[in-house]
Every structure is written in C-alpha cells, then in structure tokens.
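Novice: One structure, as structure tokens, below. Some questions next.
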Amino acid sequence: MDDGADRHLRELLDGTVDCVPGEQLAERVRRGERLRIKWGIDPSAPDIHLGHTVPMRLLRRWQRRGHRPVVIIGDVTARIGDPSGRSATRPQLEPEAVEANAATYLDQLFCLLDPAGVEVRRQSEWFQDFGLEGMLRLAGSVTVAQLLQRDDFASRMGRQHPIGLHELFYPLLQGYDSIAVAADVELGGTDQLFNLLLARELQASAGQPPQAIVTVPLLEGLDGHRKMSKSLGNAVAVRAPATEQYGQLMSLPDPSVGPYLRLVTDLPEARQTALREGMADGSVNPRAAKAEMARAVVSVFHGPEAAARAAAEFDRVHRGHGLPATIPEAPVLTGMEQDVRQVLVLAGLARSRGEAARLVTQGGVTLDGARVTDWRIPIAPPPGAVLQVGPRRFVRLGRAG
RNA sequence: GGGCGGGUACCGAAGUGGUCAAACGGGGCUGACUGUAGAUCAGCAGGCGUACGCCUACAGGGGUUCGAAUCCUCUCCCGCCCA
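The numbering of the first sequence is the numbering used here, which starts it at 957 and goes up by one.
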C-alpha cells in the first residue's frame, strides 16, 4: 500500500528540480487525493515549441496518474511578456496578436496531452472584469521589496536598466491565476521559481491553502546554451514539418544531446544511458547519437515513419549532397542569357546584386550541380534548372516565359 | 522641478572634425574540412555600377567648415539619480 503510494510519488517527481513543500505534497499524494495541477503558458508567439513540452510531459504524467491538469492560457500576461531572464523590457503585444496566438495554441496543446479531463482556462475569464479595484487589492498584497528580490529585477536595478511598472505585475497576475483556479500544485520551469512561490503567498493571503510547486529543468535552445525561446530564434516548433525539425535538431551542439534525450524523447532510460556513456567514452559517434535523438523527438510529433523519412531525406541532401524531395519554384525567365546576379535576386536567393556577386565569388552558387565561378559571365539556364546557394537553399527556375 | 548620461548598421557596442560604409563582439552568410545545418579554421558583410566611381547612412531639422557620426543650435525620444 505504502509502496504503491511511494512509487506513485516518485513517478510524479522523477526528473524534477524543486518541490516545495515536499513533505506536504507527499502526504496528499499518499492520501490518494486527486490534485488540481496548474500549468500556464503565454500565447506570446504563434507556436508552442519543444521547450514547452518539458513541463507538458510532466503534466501528462500526472494526468495519467489521475490528477487533473489545469492549463492556463496566459492571454493577459502574454501582453506583458514574462520578464524572467530578461535584461530588457519587451514590447507589449497587441490583444489581437495574443488572441490569434491563443487560438493556435489550443490544438498544439494536445499534441502531448490527452484532451479528456484537461481543464483549459484563460486568464481573461477572471481578469476581464477585474477592474482597478481588483488590481489595487492584488497589488496591496505584496511589497515592492518582495518583488524586487526577483533575480532579473534585482540585476536590472543593479545595472541601472529600466524596469517597466507593468512588469512587476507579471508575477502578481500569474499568482492570482492560482487563486482563481484553486490550484493544488503548479508546474513550471526553474526560471519560474519566484513566480510560483509568490503564488503561494497570494493564495495564503486570500485564505486559500497554498499550492505546492514543482519545477522542471529548462531546455536549452538550438544554440546550446540559452533557454529555448521563440524570440531568441533558437526554438523548434512542435508543428514544424518533420524535415525541418530533424534538421534543426541535427544542428544542435553535441553537448546538448544528453539533455535533449532526457527531456524531450521517449527513449527508454537504458538506451539513453547507453548513448550518453557511449558519447562520453568515444564508442558512440556523437553524430549517430544526435541522429537517434532527433528521430526520437520528431517521432513524438509526426510518428516514427515520418521521422525515418525525414532522417533519410536529411542524409540524402546533406551527407550525399543530393537534391531535396521538394524544391520551391521561382518564376524566373529561362532559356536566355542573363546576369547570374539578376537571376539570384529574382529567385530570392540573394537580397541584392552585390550579395549575389559575393555568393558567386565565394563559390556558394551552383546551377544544376555545376559551380558558377564568375558572375561576369552570363548564364542561360534551361527551364527547370536547379539553382543552389550554400548547402541547403534550392530553387527550381520556372519555365520559359 | 533639478542634475547627469544616452540615441551609431540585425543586436550589443567603439569611434568625438578628414585616412569612416564606420573598430570589436554576438547573430547571419560562404568556403575548406568533416560526423550534419554540429566542432574547428578561413573569409564575406549598405545600394548601384564588371575597375577608378557614384548614391544612401551614424534619432530628426537647421547651421559652422574646403570637409561632420564627430563642433554649434533647435526638436523628438530614452535611461539613471535627487526632489
């Protein structure tokens, strides 16, 4: 009996970083309570990305164990932008943009979660008519000094960088969500620690039992060190095509393979360990480990067949220097002599003739597989000719017009 | 209200009268090599002209000067501190 509960608890907390207050949560789980577990996501960009799936996976685990996921669509906080880890205020989003993003989030959410039993709520449900009165009351429940303890605020203060007043409200609004949905537990990345803890205090001062909090590691982005984030341009969107996801994942620096295996694949523990150790002692080619990881990740969103196809395509194009399966067409005149630079610009492969000339000079341009060596010599591409720039940009030139 | 510091290319940041289309870093791009779009190394980087050149650009306007990102002046915007 106790064993079962303990196993249950271990499963819930496996791979997590912090759990506050640990013992209290353990007790509730042992009593067999079904907990309301909150996780919030801001629709600040059109796509959910791999970084979001780390907490989503944990949420799914809790869901499978009979707890109730409560997903908050942060349609109000999205307009502020979470200041966490940021050293600058960011522009506030327009409500229309947030609304559009929120709409696309809903289906992306269920790429991992089982829709049955998930409670999806929007912040605007309770903030719509919150009013000045509500704001003031909420603001009155914390002190400025408390808010400024937050790491990113403190460091900005220290460096004399600006902090928008609205940014201070971010943790308050997020915290109030916990009151609104009567959360028992809240999940979040480690960068959310402050916000999660503050929610406990707000709940307490509202006469509600404070939620437990559980944090998960942050997924590093494609650059290998900064947190994955759309605005940093280092994210893999969950609804990106399989080939794109695969290619992006293959561009990860080697040291990231381990964390990705652990955080965003379903590969068995034993296999993950084998790959990690193999890379460490040199018995496994890091490229092979990375490829296996990439295939596993793509499988989660597109299924194993599509993942295998993406891998094959990638090898064909990048290792075998073949042509990709689909090549965009450009409406460029063919069959007559013309300036290479002009063609490159028209085909959208260069932004200016100067850039085009540079690309040719550097040897980055091929026409039907033959390198174009001198931009001063005009070319006469036959209809359907393939123009390539660099290792991965291809365009098929349109029929003669 | 007072004091101070700023606004430079995609971002960050040098430059404070000519040699500045503007250092350096990040990001981007190309090549070599390879294990891939990874690592490393090398290179490119406003536009137009096949060179010499011209045009546009250092928040905006006006001015000084043979010559201004750099000096003066007005305007706009931003930050910090003190009230």
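Each residue gets a CB set at the ideal place from its N, CA and C atoms; glycine is no exception.
It should be emphasised that the depicted structure is a prediction, and the values quoted were computed from it without experimental measurement.
Relative to the alpha-carbon of residue 1009, which residue among 968, 1135, 1240 and 1194 has its alpha-carbon at the smallest distance?
Specialist: For the residues 968, 1135, 1240 and 1194, the minimum Cα distance to residue 1009 belongs to 1194.
Novice: To the nearest angstrom, how far is the alpha carbon of residue 1056 from that of residue 1003?
Specialist: 11 Å
Novice: Do you know offhand how far residue 1163's Cα is from residue 1248's?
Specialist: 50 Å
Novice: Using a threshold of 8 Å, state whether the C-beta atoms of residue 1308 and residue 1301 are closer than that.
Specialist: yes
Novice: Once DSSP output is grouped into helix, strand and coil, what is the label at residue 1254?
Specialist: helix
Novice: For a quick check, are the C-beta atoms of residue 1252 and residue 1231 less than 8 Å apart?
Specialist: no
Novice: Below 8 Å on the Cβ atoms is my contact criterion, and I expect residue 1350 with residue 1287 to pass it. Report the Cβ-Cβ distance as a whole number of Å.
Specialist: At roughly 16 Å, the Cβ-Cβ gap does not stay under 8 Å, so residue 1350 and residue 1287 are not in contact.
Novice: Which residues mark the beginning and the end of the alpha helix (DSSP H) in which residue 1370 is found?
Specialist: Missing from the structure shown is residue 1370; the chain here goes from 957 to 1357 and no further.
Novice: Would a C-beta distance cut-off of 8 Å place residue 1149 and residue 974 closer than the cut-off?
Specialist: yes
Novice: Within 10 Å of its beta-carbon, does residue 1145 have 16 or more other beta-carbons around it, so buried, or fewer, so exposed?
Specialist: buried
Novice: Just curious, the beta strand (DSSP E) that residue 995 is in, first and last residue?
Specialist: 992-997
Novice: One question on the structure: do residue 997 and residue 1018 come within less than 8 Å of each other, judged by their Cβ atoms?
Specialist: no
Novice: Taking residue 1350 as part of the beta strand (DSSP E), name the residues at either end of that continuous run.
Specialist: Per DSSP, residue 1350 belongs to the beta strand (DSSP E) from 1349-1353.
Novice: Which residue from 981, 1199 and 1039 puts its Cα closest to that of residue 1000?
Specialist: 1039
Novice: Taking DSSP's pairing of strands, which residues face residue 1123 in a bridge?
Specialist: Under DSSP, residue 1123 shares a beta bridge with no residue.
Novice: Mapping DSSP to helix, strand and coil, what is residue 898?
Specialist: Residue 898 falls outside the range modelled here, since the chain spans only 957 to 1357, and no answer is possible.
Novice: Have a look at residue 1120 and residue 1100 and give me their C-alpha separation to the nearest angstrom.
Specialist: Within the model, the alpha-carbon separation for residue 1120 versus residue 1100 is close to 13 Å.
Novice: Return the first residue and the last residue of the alpha helix (DSSP H) that residue 1060 is part of.
Specialist: If you look at residue 1060, you'll find it in the alpha helix (DSSP H) that goes 1051-1065.
Novice: With DSSP collapsed to three states, give me the class of residue 1101.
Specialist: helix
Novice: With C-beta atoms as the reference, is residue 1184 less than 8 Å away from residue 1246?
Specialist: no
Novice: Taking only three categories from DSSP, how would you classify residue 1178?
Specialist: coil
Novice: Mind checking who residue 1344 pairs with in its DSSP beta bridge?
Specialist: Bridge partners of residue 1344: 1322 and 1350.
Novice: Across the segment 1066-1074 and the segment 1087-1101, are there enough close Cβ pairs to call them in contact, namely three or more that are closer than 8 Å?
Specialist: no
Novice: Would residue 1006 and residue 1191 be called neighbours here (beta carbons separated by less than 8 Å)?
Specialist: One thing to note: residue 1006 has its Cβ within 8 Å of the Cβ of residue 1191.
Novice: Using 8 Å as the threshold, is the segment 1257-1276 in touch with the segment 1328-1336, meaning 3 or more CB pairs across them?
Specialist: no
Novice: Could you work out which residue in 1219, 1092, 1318 and 1213 is closest to residue 1234 when comparing CA atoms only?
Specialist: 1213
Novice: Pick helix, strand or coil for residue 1138, following the three-state DSSP scheme.
Specialist: coil
Novice: Need the endpoints of the alpha helix (DSSP H) that residue 1095 sits in, please.
Specialist: For residue 1095, the uninterrupted alpha helix (DSSP H) segment begins and ends at 1087-1095.
Novice: Do you know how far the Cα of residue 1124 is from the Cα of residue 1033?
Specialist: 11 Å
Novice: What residue range is occupied by the uninterrupted alpha helix (DSSP H) comprising residue 1010?
Specialist: First-last of the alpha helix (DSSP H) with residue 1010: 1006-1020.
Novice: Could you check where the beta strand (DSSP E) with residue 1075 kicks off and where it finishes?
Specialist: Start and end: 1075-1078.
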